[in-house]
Amino acid sequence: MSGINIEYILHNIRKTRERSYFSQEYMAAKMHIGQNAYSKIELRKTKLTVEHLFAIADALGVEVAELLAQ
1 MSGINIEYIL
11 HNIRKTRERS
21 YFSQEYMAAK
31 MHIGQNAYSK
41 IELRKTKLTV
51 EHLFAIADAL
61 GVEVAELLAQ
């Protein structure tokens with residue numbers, strides 16, 4: 001994902017998750033990963049993959065483009 005501002009995308013993910021009142025536990029369950037693994041994605045301790053991005057968008061009920069929009 002070079003050329004893309006990952007920090008901004010992660011900010012959008014967290015903002016959208018919190019606005020929807022979804023917990024990290026909820027997101028992790030929807031993505032079939034542990035809460036700790038999900039937390040590491042939001043904190044940029046684990047690389048945000050394309051697969052993660054699509055799974056997060058699906059769990060949030062939004063289009064990937066919405067998370068990428070600046």
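Taking UniProt numbering, the leading residue of the sequence shown gets 1, the next gets one more, and so forth. Positions of the beta carbon are idealized from the N, C-alpha and C atoms, including for glycine.
The Cβ atoms of GLN70 and TYR21 do not sit closer than 8 Å to each other. For LEU53, the uninterrupted alpha helix (DSSP H) run begins and ends at 50 to 60, by DSSP. Rounded to whole angstroms, the gap between the alpha carbons of LEU60 and LEU67 is 10 Å.
Counted as a single uninterrupted DSSP element, the alpha helix (DSSP H) harbouring TYR38 occupies residues 35 to 42.
Under the three-state reduction of DSSP output, HIS11 falls in the helix class.
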